[in-house]
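**Q** For the sequence shown, counting from 1, position 272 maps to 271 in numbering that gives the first Met the number 0; every step adds exactly one.
Backbone N, C-alpha and C fix where the C-beta goes; we use that ideal spot for every residue, glycine too.
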Amino acid sequence: MNVNARETGWSPAERVRGMGESVFTEMTELARRTGAVNLGQGVPELDGPRPLLEEVAAAVLAGANQYPPAYGFPALREAVAAHQRRRYGLEYAPQGEVLVTTGATEAIAAALMALCDPGDEVLAFDPCYDAYPAVARFAGARLVPVPLAEENAAETAAETAGGNAGETGGGTPGFALDLDALRAAVTGRTRVLILNSPHNPTGKVFTAAELAAIAELCRERDLTVVTDEVYEHLVYDDATHRTIAALPGMRERTLTISSAGKTFNVTGWKVGWVCGPARLVAAVAAAKQFLTYASGTPYQEALARALGGVEEWAGELRRTLRRNRDLLSEGLTRAGLRPYRAEAGYFLQADIRAWGHADGVRFCRELPLRAGVVAIPTSAFLLAPDAPSHLVRFSFCRREKSVVEAVEKLIAAA
């Protein structure tokens, strides 16, 4: 579809105008300048598996330094297909239904460029990963936010009573699907729903009932789903990650995206992958070839061998992250900053109003000087104009000593 700038409302130049320095860059610089403990960005301090790192070093020295095949090394595509079969019972052909990408963000960008025409609409749950609106805009599409509902803390406490409250942070609020808001957001221009579960920045894992309701709507309105599952192995307590692609009628309309970065603590490697029906994967590959073409040769070779043993490695990583999450949650509570429940991922949300703040941006700019800690305002992930501004995101993908130091500083500053 050929739609000119007058029809879409912005020119190609306007698609990138205003995308200046992000709050992440600002807060990282604040951490560097003040020496504060950085619980802002989701950059792990934890190491990846030693055998995997050694495999990459050996691959580099053995000469695996040129372009890989455009779809990715066959061995890695086979390993990804085996992973999907083993965990979710989904069959994907390594040749044609699995594509290796330069991280999950490139996969999302290429998917939207492939699936959207200028003027189309893309739905995403709000708050959302900040790349989603940016890549939608690059594709000429408009991202429409669908607010997640905040659970009632009392209801949450009741649900987690009977022995689970201590594990899940009983009494802490979480987030839930607002199906009415989702239905209301769908229009005749809606083409794609981005589903991020486990969810960044809230740590929410969508339930089986929520996924079933989303799937029903997508089938009813003929929507394609791009599901971002990079935290699929980092799920805690009694929460269970399920992929929407496994539900009836969804495999043929779903692109499932994941990556090695969060799973193996190698975020700098930028190796991701897309699984889906051949026609959709081919469309993503057509867009991707003009972004990076292909990358990460030695990493792909090493990950092909590591992915088969991911469950054992991820189990230990989950235990470490869960311990950090609990330390941070307890510390925020003692400091008077009410934490939200985090069922997965790297991050905790906190309500800052008890410290006399209602503006998360101002709070985060002052926090390094007040407490020696850096966080990220949740407003950086919120798109709705009436979204709350009193939430802040703290990361716990750090060494335990960093989390403990941050907690001590926050309690002392309360």
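Using only alpha-carbon positions, find the residue among Ser388, Val372, Gly371 that is nearest to Gln379.
**A** Residue identity check: residue 379 is Ala in the sequence provided, not Gln. Selected option, being the one with the closest Cα: Ser388.
**Q** Mind the definition here: the region 325 to 336 touches the region 399 to 410 only if three or more C-beta pairs lie below 8 Å; say whether that holds.
**A** Cβ pair count under 8 Å is three or more, so yes.
**Q** So for Leu233, helix, strand or coil by DSSP?
**A** Residue state, collapsed to three classes: coil.
**Q** Per DSSP, which one or two residues make a beta bridge with Phe380?
**A** Beta-bridge pairing links Phe380 to no other residue.
**Q** The ligand ZN heavy atoms versus the CB of Glu219: any closer than 6 Å?
**A** As for the ligand ZN, it is missing from this structure, which has no ligand bound.
**Q** By DSSP, does Leu181 sit in helix, in strand, or in coil?
**A** It is helical.
**Q** For Leu246 and Ala214, which I take to be in contact (beta-carbon distance under 8 Å), what is that distance rounded to the nearest angstrom?
**A** That belief holds up - the Cβ atoms of Leu246 and Ala214 are roughly 5 Å apart, short of 8 Å.
**Q** Can you tell which of Asp177, Pro200, Val224, Asp125 has the C-alpha that lies nearest to the C-alpha of Arg190?
**A** Answer by Cα proximity: Val224.
**Q** Rounding to the nearest angstrom, what Cα-Cα distance links Cys274 and Asp129 in this structure?
**A** Their backbone Cα atoms lie some 23 Å apart in a straight line.
**Q** Determine the burial state of Arg392: buried for a count of at least 16 other Cβ atoms within 10 Å of its Cβ, exposed for fewer.
**A** When all chains shown are included, Arg392 counts as buried.
**Q** Which one of Pro132, Ala357, Ala69, Trp312 has the shortest CA to CA distance from Thr291?
**A** The option with the nearest alpha carbon to Thr291 is Ala69.
**Q** By the DSSP assignment, the beta strand (DSSP E) with Phe393 in it spans what residues?
**A** 390 to 394 is the span of the beta strand (DSSP E), which, as asked, contains Phe393.
**Q** If we ignore side chains and look at the alpha-carbon of each, how far apart do Phe174 and Leu254 end up?
**A** Looking at the two C-alpha atoms, the distance is approximately 24 Å.
**Q** Since Ile351 and Phe23 should fall inside the 8 Å C-beta cutoff, what is the C-beta to C-beta distance between them, to a whole number of angstroms?
**A** Their Cβ separation, rounded to whole angstroms, is 18 Å, which puts Ile351 and Phe23 out of contact at 8 Å.
**Q** Excluding sequence positions up to five away, which residues of its chain have a Cβ less than 7 Å from the Cβ of Glu404?
**A** Taken in chain order, the residues that qualify are Val36.
**Q** How is Phe289 classed by DSSP in three states: helix, strand or coil?
**A** Phe289: coil per DSSP, three-state reduction.
**Q** Could you tell me the alpha carbon to alpha carbon distance between Gly47 and Ala305, rounded to whole angstroms?
**A** Going by the C-alpha atoms only, they are around 11 Å apart.
**Q** Determine whether the beta carbon atoms of Pro197 and Gly344 lie at a separation below 7 Å.
**A** Yes, Cβ-Cβ distance for Pro197 and Gly344 is below 7 Å.
**Q** My guess is that Thr33 and Lys269 are in contact by the Cβ rule of under 8 Å, so how many angstroms apart are they, rounded?
**A** Actually they are not in contact, since the Cβ atoms of Thr33 and Lys269 sit about 29 Å apart, beyond 8 Å.
**Q** Could you tell me the distance, in whole angstroms, from the CA atom of Ala313 to the CA atom of Asp227?
**A** So the alpha carbons of these two residues sit roughly 18 Å apart.
**Q** Between Pro146 and Ala383, which are expected to be in contact by the criterion C-beta below 8 Å, what is the C-beta distance as a whole number of angstroms?
**A** So it is a contact: roughly 6 Å between Cβ atoms.
**Q** Who are the Cβ neighbours of Leu381 in its own chain at under 7 Å, not counting the five residues just before and after it?
**A** The residues are Asp125, Pro126.
**Q** Let me make sure I understand the geometry here. Which of Met26, His82, Asp236 has the alpha-carbon closest to that of Gly308?
**A** Ranking the options by Cα distance to Gly308, first place goes to His82.
**Q** So Leu45 packs on Thr319, CB below 8 Å; how close in whole Å?
**A** Confirmed, Cβ separation roughly 7 Å.
**Q** Report the three-state DSSP secondary structure of Glu149 (helix, strand or coil).
**A** Residue state, collapsed to three classes: strand.
**Q** Would the region 107 to 123 and the region 73 to 87 be scored as touching if the rule is three or more Cβ pairs under 8 Å?
**A** The region 107 to 123, when compared against the region 73 to 87, does not touch it at the 8 Å Cβ threshold.
**Q** Looking only at its chain, what residues have a beta carbon closer than 8 Å to the beta carbon of Glu53, apart from the 5 residues adjacent to it on each side?
**A** Correct list: empty, nothing qualifies.
**Q** Give the straight-line distance between the Cα atoms of Ala148 and Pro172, rounded to the nearest whole angstrom.
**A** Each residue's Cα considered, the two are about 10 Å apart.
**Q** Going along the chain, which residues of its own chain have a beta-carbon closer than 7 Å to the beta-carbon of Val42, five neighbours each way excluded?
**A** The answer, listed in chain order, is Thr266.
**Q** Should Lys287 be labelled buried (16 or more other beta-carbon atoms within 10 Å of its own) or exposed?
**A** It counts as buried.
**Q** So Ser257 is in the alpha helix (DSSP H); what residue range does that whole segment cover?
**A** No alpha helix (DSSP H) holds Ser257; the beta strand (DSSP E) holding it covers 253 to 258.
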